[in-house]
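Here's the structure, in structure tokens; my notes come after.
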Amino acid sequence: MSTHSYKLDTLADQIEAAFDYRGDVTVTFNDGTTFDGFVFNRDITNGAGSIQAYPQEKGAAAVRFDISKIKSIALTGEDTAAGKSWEDWQAKQEAKNHATS
0 MSTHSYKLDT LADQIEAAFD YRGDVTVTFN DGTTFDGFVF NRDITNGAGS
50 IQAYPQEKGA AAVRFDISKI KSIALTGEDT AAGKSWEDWQ AKQEAKNHAT
100 S
């Protein structure tokens, strides 16, 4: 689950958050079906466009979904890069250096 604070009020906000997120998301479609995977691209033009994602299944081909068919997107998977920012790395190195001195 994400520890980031994203603005998710509109579908456009959800799409941007899903694109920035480094974990899997759940896309809910207008017909109630869902898709779980990793969003790696988006094309948003005045509410139209599409997203591209890799399904959770290993080795599965990328898919494209029209934004007009998407009801919502939730950040549901683990953020695989959480705690791996440059600042976090520097703080860990500093703590390690202090522990050895």
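Residues in the sequence shown are numbered consecutively from 0, following numbering that gives the first Met the number 0. All residues carry an ideal CB built from backbone N, CA and C; glycine is no exception.
Three-state secondary structure assigned by DSSP to residue i
| i | result |
| --- | --- |
| residue 70 | strand |
| residue 103 | With the chain running from 0 to 100 in the structure shown, residue 103 is simply not present. |
| residue 96 | helix |
| residue 87 | helix |
| residue 11 | helix |
| residue 30 | coil |
| residue 61 | coil |
7 Å CB neighbourhood of residue i in its chain, flanking five on each side removed
| i | result |
| --- | --- |
| residue 7 | 13 and 16 |
| residue 33 | 25, 26 and 27 |
| residue 55 | 23, 35 and 36 |
Proximity of residue i and residue j at Cβ, strictly below 8 Å
| i | j | result |
| --- | --- | --- |
| residue 65 | residue 49 | yes |
Inter-residue CB distance, residue i and residue j (contact presumed, cutoff 8 Å)
| i | j | result |
| --- | --- | --- |
| residue 27 | residue 71 | 5 Å |
| residue 47 | residue 53 | That belief does not hold up - the Cβ atoms of residue 47 and residue 53 are roughly 23 Å apart, past 8 Å. |
Straight-line Cα distance separating residue j from residue i
| i | j | result |
| --- | --- | --- |
| residue 31 | residue 78 | 25 Å |
| residue 10 | residue 95 | 43 Å |
Any non-hydrogen atom of the ligand FAD within 7 Å of residue i CB
| i | result |
| --- | --- |
| residue 90 | The ligand FAD is not among the ligands present in this structure, which contains no ligands whatsoever. |
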